[in-house]
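In the numbering used here, the protein residues as written are -5 to 67.
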């Protein structure tokens, strides 16, 4: 585990000075979402996760509603 961490050192996309600055600016402005994605690799990962979830939703759109209890009136 330590070896993996050491391999990443200095090769990450994020700038350690710009991340906190972006967080502070967002907090001071009071604008934007409660959470913030920092760095291009994090944004790419989050985008891939959203696309995978959308594919799952699309693939199960027809069967998901049929597996619940019948609606009662």
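Beta carbons: idealized from backbone N, C-alpha and C, even for Gly.
Cut-off 7 Å between Cβ atoms - residues of its own chain near residue i, not counting five sequence neighbours on either side
i, result
"residue 17", "30"
"residue 35", "7"
C-beta atoms of residue i and residue j nearer than 7 Å
i, j, result
"residue 33", "residue 62", "no"
"residue 20", "residue 26", "yes"
Endpoints, the alpha helix (DSSP H) within which residue i is located
i, result
"residue 8", "Looking at the DSSP string, residue 8 is not in any alpha helix (DSSP H), and its letter there is neither H nor E."
"residue 30", "Run containing residue 30: none; DSSP gives neither H nor E here."
"residue 54", "34 to 54"
Contact set for residue i: own chain, Cβ-Cβ below 8 Å, skip 5 residues either direction
i, result
"residue 57", "none"
Same chain only: Cβ atoms within 6 Å of residue i, ignoring 5 sequence neighbours per side
i, result
"residue 40", "31"
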